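Comments concern the structure below.
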Amino acid sequence: MEIRYATNPTETKTYDTARLRSEFLIEELFTPGKLNMVYSHVDRFITGGAIPVSESIKLEADKHDMGAEYFLERREIGIINVGPKGSVIVDGTEYELDNKDGLYIGLGNKEVIFKSADSANPARFYFNSTPAHKNYPTEKIEITKAEPAHLGSITSSNERTIYKYIHLNGVQSCQLVMGMTLLKPGNMWNTMPCHTHNRRSEVYLYFDMPEDGLVFHMMGEPTETRHLVVRNEQAIISPSWSIHSGVGTNNYTFIWAMAGENQEFSDMDMVAPQDLR
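Written as structure tokens, this is what we have:
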């Protein structure tokens, strides 16, 4: 498991492209047959990906870095399958997940196993995990049953559908908030006008992009913006002081996960476009 430490906005102003990428961009999440994880000290997020092929993959704690006997001893987790059909086995109970289906697993569950339905077309499990203090029930979240919110317009290139998976009025958690945004064809912008939220951080996973597609992810303080070039199935760690917006070479999908002081989806400090620098 890779460890990333928190950075501050004053120092970040001095970073070159290579340093920005090493601090905030997660380039390698999905490797066939392996479990990849990044532990960020920004709100203690763990972000990971698993592609079980011929054998299942068990989610195990790194005892040295986590100080835990099992992964969910002091944590909760949200999982979304971004690939073909697979399943997650939680303490002996199996949950089948089609493409874009999700699963919340609460504190205290000891065994989590990832499995593909077809090893020739393996599932691709993406997850975010945050510290937890109370057990909430494990719950499957089917995208076909999630209530969509349609926002934006083609005239501003941000027509999109937002699905909330783990949130105050849906699947309950201690602090993790998680969902997915799908941009419609012909639309490239997300989260513009942009915002920060000083009370929580966020992680983005960009996916459903062509091989030659990319997203210019905007970050930094509103008056000191920077950008990162992001490709398919790469993730961004976004600290509380940073904007998090992007524009792609074509439409794309992204999973957002938040953690921090509260779970209010609308808790945002909006930034007017004319105030960006």
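The sequence shown: position 24 = 7 (the numbering used here), numbered continuously. From the three backbone atoms N, C-alpha and C, an ideal C-beta is built for every residue, glycine too. Everything numeric in this text was worked out from a predicted model, so none of it was measured.
1) Name, in chain order, the residues that DSSP records as bridge partners for VAL212.
2) Check ASP258 in the structure and name its three-state DSSP category.
3) Identify, in the order they occur along the chain, each residue of the same chain with its Cβ nearer than 6 angstroms to the Cβ of SER136, setting aside the five sequence neighbours on each side.
4) By Cβ distance, which residues of its chain are closer than 6 angstroms to HIS200, with the 5 residues on each side in sequence left out?
5) Which residues bound the alpha helix (DSSP H) around GLU6?
6) Is it the case that the Cβ atoms of THR61 and ASN92 are separated by a distance below 8 angstroms?
7) Tell me whether the beta-carbon of THR121 lies closer than 8 angstroms to the beta-carbon of TYR87.
8) Have a look at VAL154, LYS167 and ASN181 and flag the residue whose alpha-carbon is nearest the alpha-carbon of SER145.
9) Identify the continuous beta strand (DSSP E) that holds MET20 and give its terminal residues.
10) Specify the secondary structure class of PRO105 as computed by DSSP and reduced to three states.
11) Per the DSSP calculation, TYR261 is bridged to which residue(s)?
12) So VAL71 and VAL95 are in contact, right, with Cβ under 8 angstroms, and what is the actual spacing, rounded?
13) Mind checking who PRO15 pairs with in its DSSP beta bridge?
14) Are TRP239 and THR164 closer than 8 angstroms when you measure CB to CB?
15) How many Å lie between LEU159 and GLU194 at the Cα?
16) So for LEU273, helix, strand or coil by DSSP?
17) Assign ILE226 to one of three DSSP states: helix, strand, or coil.
18) Report, in whole angstroms, the separation of the C-beta atoms of VAL(-12) and HIS47, which I expect to be a contact under 8 angstroms.
19) Can you find the residues in the same chain that come closer than 7 angstroms, C-beta to C-beta, to SER156, ignoring five residues on each side of it along the sequence?
20) Report all residues from its chain with a CB closer than 6 angstroms to the CB of ALA100; omit the five preceding and five following residues, and keep chain order.
21) Would you list the residues sitting across from ASN278 in a DSSP beta bridge?
22) Could you tell me whether the stretch 0 to 9 touches the stretch 78 to 85, using the rule of 3 or more Cβ pairs below 8 angstroms?
Checking against the coordinates, here is how it stands:
1) Looking at the DSSP assignment, VAL212 forms a beta bridge with PHE199.
2) helix
3) GLU142
4) LEU211, VAL213, ILE219 and GLY229
5) 0 to 7
6) The displayed chain sequence assigns Gly, not Thr, to residue 61. GLY61 places its beta carbon 8 angstroms or farther from that of ASN92.
7) Their beta carbons are under 8 angstroms apart, which means THR121 touches TYR87 by this criterion.
8) In the sequence under discussion, the amino acid at residue 145 is Ile, which differs from the Ser named in the question. The candidate whose alpha carbon is nearest that of ILE145 is LYS167.
9) 18 to 23
10) coil
11) With the chain running from -16 to 260 in the structure shown, residue 261 is simply not present.
12) Contact holds; Cβ gap of about 6 angstroms.
13) ILE34
14) yes
15) 31 angstroms
16) The displayed coordinates of the chain run from -16 to 260. Any statement about residue 273 would go beyond what the structure contains.
17) DSSP places ILE226 in coil when its eight states are reduced to three.
18) Val is not the amino acid found at residue -12; the sequence shown has Tyr there. Not confirmed; about 16 angstroms, so no contact.
19) Excluding sequence neighbours, SER156 sits near GLU59, TYR87, TYR119 and ILE149.
20) LYS68 and GLY69
21) Here the chain comprises residues numbered -16 to 260, so residue 278 is not present and cannot be evaluated.
22) The count of Cβ pairs closer than 8 angstroms, one atom from the stretch 0 to 9 and one from the stretch 78 to 85, stays below three, leaving the stretches out of contact.
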